[in-house]
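For reference, the structure discussed in these notes is given below.
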Amino acid sequence: MSSTTEVAIENSRLHAENSALRITCGMWRRRAEVHGAATLGLLGFARTARDEAIKMRRERDDLYKHYNLLREKLPPDEFSFSNLALIQSTMTLLTSSWSQGVTASASANAVDGH
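Okay, so the sequence shown: first residue is 1 according to UniProt numbering, each after it adds one.
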C-alpha cells in the first residue's frame, strides 16, 4: 500500500511540475511575442526616420541649388553684406509688423465677439 501511495504522491508532484512548466513556457512565449513586436516597431520607426532624413537632405540640396541660381542672377554689387543686412532688417520689420497686425486683429475680433 505504501508503494501505491508513493506512486500517487510522485504522480501529483510530476503533474504540478508539468503545470508550472507550462505556465512558465507560456509566459516566455508571450515575452518573445512582445519583444518581436517591439523589434518590428523599432525597425519601422528607423525606416521612417531614414526616409525622412533622405527627403530632408534632398529638399536642402534643392533649396541650396535654387539659392545659388538666384545668387548668380544678382549682379555682384547687389550681393554684398550691407545689402544682406538691409534685407534682414527689412524682413525683421515686416515680420514684426505682421505679427503685431495679427495680434491686433485677434484682439479686435475678441472684443467684437467674432
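By construction, the Cβ of each residue, glycine as well, lies at the ideal position given by its N, Cα and C atoms.
Owing to the predicted nature of the structure, the values given are computational and were not obtained by experimental measurement.
Distance, residue j Cα to residue i Cα
i     : j     : result
Glu72 : Arg60 : 18 Å
Ser2  : Asn18 : 24 Å
Ala32 : Cys25 : 10 Å
Ala46 : Ala38 : 12 Å
Glu52 : Leu40 : 18 Å
Leu42 : Thr48 : 10 Å
His35 : Arg22 : 20 Å
Met27 : Ala16 : 17 Å
Asn68 : Arg58 : 15 Å
Span of the alpha helix (DSSP H), counted from its first residue to its last, around residue i
i     : result
Leu21 : Ser2 to Lys73
Buried/exposed call for residue i, threshold 16 Cβ in 10 Å
i      : result
Val111 : Any reading at Val111 needs caution, since the residue's pLDDT is 49, under 50, leaving its predicted position unreliable; the model's value is listed next. It is exposed - the Cβ of Val111 has fewer than 16 other Cβ atoms within 10 Å.
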